[in-house]
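In what follows, a single structure is set out as structure tokens and then discussed.
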Amino acid sequence: MNASGTWIDWQYLLDAATLLAKCRYTLQYTYPYAYYMEPGPRKELFEYQQAQLEAEIENLSWKIERAETTDRGDLEIKWILLRRDVRHF
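Here the sequence shown stands for residues 1 to 89, numbered as in this note's numbering.
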């Protein structure tokens, strides 16, 4: 990331990093919950959704680490979709 651009140009990164922290906080509590679930199709579905959330969080993390000012649109779309997914989790 270079130093060009204004604060507004980089605000989306702060928003994405805040969302990433919230997602990781939520995800950490899914592991004990899944551990104590009764075996069956509900647990399998929960673990599948948990894996999907993990993948999306890692993808967002990767994008934040390599962000450029030109990546703004792609990153904003990604964190909007992840925020929607986390609300439904």
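C-beta atoms are modelled at their ideal positions from N, C-alpha and C, and glycine is treated no differently. The model shown is predicted, which means the values in this text are computed figures rather than measured ones.
Of the residues assessed, residue 16 falls on the buried side of the cut-off, its CB having 16 or more other CB atoms within 10 angstroms. For residue 32, the secondary structure class from DSSP, reduced to helix, strand or coil, is helix. Residue 53 and residue 33 have their C-alpha atoms some 15 Å from each other. Note that the C-beta distance between residue 65 and residue 82 is not below 8 Å. Cα atoms of residue 59 and residue 36: separation of roughly 28 Å, rounded to the nearest angstrom.
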